[in-house]
Amino acid sequence: LQEVTASSRHYVDRLFDLDPQKVLQGVIDMKNAVIGNNKQKANLIVLGAVPRLLYLLQQETSSTELRTECAVVLGSLAMGTENNVKSLLDCHIIPALLQGLLSPDLKFIEACLRCLRTIFISPVTPEDLLYTDATVISHLMALLSRSRYTQEYICQIFSHCCKGPDHQTILFNHGAVQNIAHLLVSTSYKVQMQALKCFSVLAFENPQVSMTLVNVSVDGELLPQIFVKMLQRDKPIEMQLTSAKCLTSMCRAGAIRTDDPCIVLKTLPCLVRMCSKDRLLEERVEGAETLAYLIETDVELQRMASITDHLIVMLADYFKYPSSVSAITDIKRLDHDLKHAHELRQAAFKLYASLGANDEDIRKKIIETENMMDRIVNGLSESSIKVRLAAVRCLHSLSRSVQQLRTSFQDHAVWKPLMKVLQNAPNEILVVASSTLCNLLLEFSPSKEPILESGAIELLCSLTQSENLALRVNGIWALMNMAFQAEQKIKSDILRGLSTEQLFQLLSDSDVNVLMKTLGLLRNLLSTRPHIDHIMSTHGKQIMQAVTLILEGEHNIEVKEQTLCILANIADGTTAKELIMTNDDILQKIKYYMSHSNAKLQLAAMFCISNLIWNEEEGSQERQDKLRDMGIVDILHKLSQSSDPNLCDK
1 LQEVTASSRH YVDRLFDLDP QKVLQGVIDM KNAVIGNNKQ KANLIVLGAV
51 PRLLYLLQQE TSSTELRTEC AVVLGSLAMG TENNVKSLLD CHIIPALLQG
101 LLSPDLKFIE ACLRCLRTIF ISPVTPEDLL YTDATVISHL MALLSRSRYT
151 QEYICQIFSH CCKGPDHQTI LFNHGAVQNI AHLLVSTSYK VQMQALKCFS
201 VLAFENPQVS MTLVNVSVDG ELLPQIFVKM LQRDKPIEMQ LTSAKCLTSM
251 CRAGAIRTDD PCIVLKTLPC LVRMCSKDRL LEERVEGAET LAYLIETDVE
301 LQRMASITDH LIVMLADYFK YPSSVSAITD IKRLDHDLKH AHELRQAAFK
351 LYASLGANDE DIRKKIIETE NMMDRIVNGL SESSIKVRLA AVRCLHSLSR
401 SVQQLRTSFQ DHAVWKPLMK VLQNAPNEIL VVASSTLCNL LLEFSPSKEP
451 ILESGAIELL CSLTQSENLA LRVNGIWALM NMAFQAEQKI KSDILRGLST
501 EQLFQLLSDS DVNVLMKTLG LLRNLLSTRP HIDHIMSTHG KQIMQAVTLI
551 LEGEHNIEVK EQTLCILANI ADGTTAKELI MTNDDILQKI KYYMSHSNAK
601 LQLAAMFCIS NLIWNEEEGS QERQDKLRDM GIVDILHKLS QSSDPNLCDK
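And the structure:
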C-alpha cells in the first residue's frame, strides 16, 4: 500500500498549497488522474483527499472555479466502487453538496447535482438522506427550470430516492407532477427519459398520483396520450418499457379502465413484444414482470395476452435462452446473462401465474408447454428465494384447476416438493405454498392421501398457531378441506393434533375468516353418524361449550348460521342427540333463533329441531314431548303462516 500510495501523495499535498492557483491546478490534475482509474481513486481516498476537497468546496474564499472542480473530482470518486461511495458518505458529503446548491453559479450547481446524482443512484446510499431537511425538496423543484442538466440530474435523483408511499407523498405534495410533466416533451432525450422514470415510480401502486396524472395535460395533450406516443415501436426500448410501466400503474390504480384502447391495443402488445427472445435479458425480465402485474386481476386481459404473439410458448424460452440472439457474440454479455438467468425464470413463473389465474383453457395451455411441470418442480428447490416464491405462485395459480389437480399434478407428484418447501420457508413463501396445499387437499384431488401420510396434519396444526393471519387462515382452511368426507381416523388425528385449547383459541380469534374456517372444520368433522357419535363421545363437552360461546357472542349472521348447522349435525347423531336434549341452555337458544328476524337463522334452527324428532328413531317420543312442553309447536304454527316460502315448507 505504501508504494502504491507514495506515487499518489503529491496530488493530495498540492491541495494544501498556499497559492490558490496551484491548488486549482492540483485539483484539475487530480481530476485527469482519476477518470476511469479505480485504483487511483482508492489511493486518493486512503490518503485523505476527500475531507480536503470538501473543505475547499465549502470555503467562501475558494473561487467558483475551484469549488466546481472539487465537485467534479468528488463525482468522479463516487463513480468508482461502492466502498468509495461509503467513504464519501462517512465524510458527510451530502449536506456539503446540498449546501452548494444555494450558490448563484449554475455551473457549480450542475456539478454538485451531478455528484449527488452519482451518490444517490448507488445501492449503499440511504434514500432517506434526501428527505431529512424539508427545504431540500422544494429547492430542487425550483432548480428544475435552470437548465437541461439540472432537469436530468434532479429527475434521476427523485426516481432513485422514491421508495414507497411516504416518499411518493412528499414528492407529490411538493408539486412533482406539475413540475416534471412538461419535461416529457423536452428536446433532450435524457431529460424526457428521467422524467418518465420519475412518473413510473411516483404512480406505482399509488391511486392518488395515478388519478392526478390522467387529467394533466402538456401543450394541450393529456399525459396518457403522451405515454402512448412513447410506446411506439420506433422509440428506444427503454422509453417504450418505462411508459408501459406508467400506463400499467395507472390502470391498476383504477385511473384508466382495463378495456381502454390505450391498454388493450398499446400497452399490452408493447409488453408482450418485450418478452421476445431478441430482447436483452433485463428487457425481457421487466417486460414479463410488468405484464404480469397489468393482467393479474383481469380475466379479459389474461385471455388477450395469452393469444398475443404466442406468448405462452415464447415464455418457455425464458428457461432455455438467457441471452438474446444478438448478444451471443459478446462474451461479457453472455457471462452476465448466465449469472442473471434466474431472474428470467422468476419473471416467467410470475407471468404464467397471472395468465392462469382465472381461465381453465389458459391453464391447460400453460401445463401443456414443454416440460412445464418439471420446470415448476425444479423452481421449488432453487437457491434463489425469489424464484422459489414465483414458482410457488405459479403452482398455486394452476392448482385452481380441478382437471389439473387430477392429472398433471398427480403425474408429477407435485405435493412432494411442496411439502418440502413448507418445512422452513419464510412467511411470504409459506402463505402461497399453504394456499396451494389447501387446493391439493380438496376431496377430488388424488394427492390427498400421500400428503396425509407425509405428516401434513402436524404441519397444518402448527400453522394455525402462527402470528401471521394469512397462515392461520390457510392452516385451518387446509384442515377443513382435509376433514371433508374423510375417514374417522383422519378426523381423530386432526382433533388430536389441534388440541382443545387450540380449537378454543381459533374460535375466539379476532379475525372472522379464521372463525368461519374453524366452524367449517367442525362441521366437516361432525358429519356421518358414526363419526358424530364417536367425536361427541370424546370431545362433546368442549364442543358444546364452544357452540354456546359463539351463539352468545357478538357475531355476524354467517357465523351464527354456521354454528347452528353444526348443532343440526350433532342432532343427527344417534347418541350425540342427548348432549343437546340434556342441555336446556342450548334448547332455549335454538328456540330463540326460530323466532329470529333473519330467515337464514330461523331455517338453521329448524334443521336442529327436525333432526331431533324423526319418528323412526329411538326415544323420539320423549324428545317430541319435551320440545312440545317448551312451546316449539306454537312457534312452528306461527312460522307456517310466514310469507317466506322456505320457512313455510320447513
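Note that full-length UniProt numbering gives residue 591 to position 591 of the sequence shown, counting from 1, and the numbers run on in steps of one. For glycine and all other residues, C-beta sits at the position ideal for the given N, C-alpha and C.
Quiz item: Cβ atoms of S354 and E296: under 8 Å apart, would you say?
Solution: In the sequence shown, the residue the question calls residue 296 occupies position 296. In the sequence shown, the residue the question calls residue 354 occupies position 354. The answer is yes: Cβ separation under 8 Å.
Quiz item: Under the DSSP definition of a beta bridge, which residues are partnered with V218?
Solution: One-based indexing of the sequence shown puts residue 218 at position 218. Answer by DSSP bridge pairing, in chain order: E221.
Self-check item: Neighbour-count burial assignment, P51, 16 or more Cβ in a 10 Å radius
Solution: Within the sequence shown, numbered from 1, the residue matching residue 51 stands at position 51. With fewer than 16 other Cβ atoms inside 10 Å of its own Cβ, P51 counts as exposed.
Exercise. Under 8 Å Cβ to Cβ from R9, same chain only, skipping five residues before and after it: list those, please.
Key: Here residue 9 refers to the residue found at position 9 of the sequence shown. Once the five neighbours on either side are set aside, the close Cβ partners of R9 are L47.
Quiz item: For S642, does the three-state DSSP call read helix, strand or coil?
Solution: Walking along the sequence shown from the start, residue 642 turns up at place 642. Coil, per DSSP.
Quiz item: Between L130 and C112, is the Cβ-Cβ spacing less than 8 Å?
Solution: For the purposes of this step, residue 130 is identified with residue 130 of the sequence shown, where counting begins at 1. For the purposes of this step, residue 112 is identified with residue 112 of the sequence shown, where counting begins at 1. Cβ atoms of L130 and C112: not closer than 8 Å.
Practice problem: Check each candidate in I590, N513, W415 and name the one with the smallest Cα separation from L452. | Solution: If you number the sequence shown from 1, residue 452 lands on position 452. Nearest option by C-alpha distance: W415.
Practice problem: Could you give the DSSP three-state label for S7: helix, strand or coil? | Solution: The count along the sequence shown starts at 1 and reaches residue 7 at position 7. It is helical.
Quiz item: To the nearest whole angstrom, what separates the beta carbons of R623 and D572, a pair I think is in contact under 8 Å?
Solution: Position 623 of the sequence shown, counting from 1, holds the residue named residue 623. Position 572 of the sequence shown, counting from 1, holds the residue named residue 572. With 8 Å as the limit, R623 and D572 do not qualify as a contact, their Cβ atoms being about 13 Å apart.
Quiz item: Using CA coordinates, which residue listed in N583, L564, T574 is at the minimum distance from K600?
Solution: Taking the sequence shown and counting its residues from 1, the one referred to as residue 600 is at position 600. If we check each option's Cα against that of K600, L564 comes out closest.
Quiz prompt | Three or more C-beta pairs below 8 Å linking the segment 78-88 and the segment 103-111 | solution = no
Self-check item: Three-state secondary structure (DSSP) of F484
Solution: For the purposes of this step, residue 484 is identified with residue 484 of the sequence shown, where counting begins at 1. Of the three classes helix, strand and coil, the one that applies to F484 here is coil, per DSSP.
Quiz item: What residue range is occupied by the uninterrupted alpha helix (DSSP H) comprising H531?
Solution: The residue given as residue 531 occupies position 531 in the sequence shown. Taken as a continuous stretch (DSSP letters only), the alpha helix (DSSP H) holding H531 covers 529-552.
Quiz prompt | From T150, D629, D29, G631, residue whose alpha carbon lies closest to that of L66 | solution = As a position in the sequence shown, residue 66 is number 66, starting the count at 1. For L66, the nearest C-alpha among the options comes from D29.
Quiz item: Do you know offhand how far A253's Cα is from V209's?
Solution: Counted from its first residue, the sequence shown places residue 253 at position 253. Counted from its first residue, the sequence shown places residue 209 at position 209. Each residue's Cα considered, the two are about 9 Å apart.
Practice problem: Identify the continuous alpha helix (DSSP H) that holds G573 and give its terminal residues. | Solution: As a working mapping, residue 573 is identified with position 573 in the sequence shown. In the DSSP assignment, G573 falls outside any alpha helix (DSSP H), carrying neither H nor E.
Quiz item: Should V124 be labelled buried (16 or more other beta-carbon atoms within 10 Å of its own) or exposed?
Solution: As a first step, residue 124 is located in the sequence shown; it is residue number 124 there, counting from the start. Looking at its Cβ environment, which holds fewer than 16 other Cβ atoms inside 10 Å, V124 is exposed.
Self-check item: Uninterrupted alpha helix (DSSP H) stretches inside the segment 270-309 (no shorter than 4 residues)
Solution: 281-295, 299-306
Exercise. Would you give the residue range spanned by the alpha helix (DSSP H) that Q624 belongs to?
Key: Indexing the sequence shown from 1 puts residue 624 at position 624. It spans 620-629 - the alpha helix (DSSP H) in which Q624 sits, taken as one unbroken run.
Exercise. Report buried or exposed for H160, applying the criterion of at least 16 other Cβ atoms within 10 angstroms of its Cβ.
Key: Position 160 of the sequence shown, counting from 1, holds the residue named residue 160. Buried: at least 16 other Cβ atoms inside 10 Å.
Quiz prompt | Residue from T329, P450, M480, L24 with nearest C-alpha to L460 | solution = Here residue 460 corresponds to residue number 460 of the sequence shown, with the count starting at 1. Per the Cα distances, M480.
Quiz prompt | Exposed unless 16 or more other CB atoms sit within 10 angstroms - verdict on D278 | solution = Within the sequence shown, residue 278 is the residue found at index 278, counting from 1. With fewer than 16 Cβ atoms within 10 Å of its Cβ, D278 is classed as exposed.
Quiz item: Applying the criterion that 16 or more other CB atoms from any shown protein chain within 10 Å of the CB defines a buried residue, is T64 buried or exposed?
Solution: If you number the sequence shown from 1, residue 64 lands on position 64. Exposed, by the Cβ-count rule.
Self-check item: Within-8 Å CB hit, P126 to chain B
Solution: Judged by its chain identifiers, the structure shown contains no chain B, having just a single protein chain.
Quiz item: What are the complete alpha helix (DSSP H) segments, minimum 4 residues, inside the segment 441-480?
Solution: 448-453, 456-463
Quiz item: Out of curiosity, what's the CA-to-CA distance linking D330 and L171?
Solution: Walking along the sequence shown from the start, residue 330 turns up at place 330. Walking along the sequence shown from the start, residue 171 turns up at place 171. Between D330 and L171, the C-alpha separation is close to 41 Å.
Quiz item: Okay, do the segment 181-195 and the segment 223-241 touch, 3+ Cβ pairs below 8 Å being the bar?
Solution: Enough Cβ pairs lie closer than 8 Å, so yes.
Quiz prompt | Under the three-state DSSP convention, the category W415 falls into | solution = Counting from 1 along the sequence shown, the entry for residue 415 is found at position 415. Per DSSP, reduced to three states, the secondary structure at W415 is helical.
Quiz item: By Cβ distance below 6 Å, which residues in the same chain neighbour L1 in space, the five residues on each side in sequence not counted?
Solution: Numbered from its first residue, the sequence shown carries residue 1 at position 1. For L1, the pLDDT reaches just 48, beneath the cut-off of 50, and the residue's location in the model is therefore unreliable, leaving the point undetermined.
Quiz item: Which one of I543, G100, L389 has the shortest CA to CA distance from L495?
Solution: Counting from 1 along the sequence shown, the entry for residue 495 is found at position 495. If we check each option's Cα against that of L495, I543 comes out closest.
Self-check item: Proximal residues to S217 (C-beta, below 6 Å), its chain only, five neighbours per side dropped
Solution: Translated into the one-based positions of the sequence shown, residue 217 becomes position 217. Closer than 6 Å at Cβ, skipping near neighbours: no residue.
Quiz item: Is F204 helix, strand or coil by DSSP?
Solution: As a working note, residue 204 is residue 204 in the sequence shown. In the structure shown, F204 sits in coil (DSSP, three-state: anything other than H, G, I, E or B).
Quiz item: Buried or exposed: which applies to Q588, given that a residue is buried once 16 or more other Cβ atoms fall within 10 Å of its Cβ?
Solution: Numbered from 1 along the sequence shown, position 588 holds the residue referred to as residue 588. Exposed, by the Cβ-count rule.
Quiz item: Quick one: Cα of G163 to Cα of V201, how far?
Solution: Your numbering for residue 163 matches position 163 in the sequence shown. Your numbering for residue 201 matches position 201 in the sequence shown. A quick correction: the sequence has Lys, not Gly, at residue 163. Put simply, the backbone Cα of K163 is about 8 Å away from that of V201.
Exercise. Compute the beta-carbon to beta-carbon distance between T135 and L144, rounded to the nearest angstrom, for a pair I have assumed lies under 8 Å.
Key: Here residue 135 refers to the residue found at position 135 of the sequence shown. Here residue 144 refers to the residue found at position 144 of the sequence shown. Rounded, the Cβ-Cβ distance is 15 Å, inconsistent with contact.
Quiz prompt | Sub-8 Å separation of T369 and V431 beta-carbons | solution = Here the question's residue 369 lines up with position 369 in the sequence shown. Here the question's residue 431 lines up with position 431 in the sequence shown. No, these two residues do not count as a Cβ contact at 8 Å.
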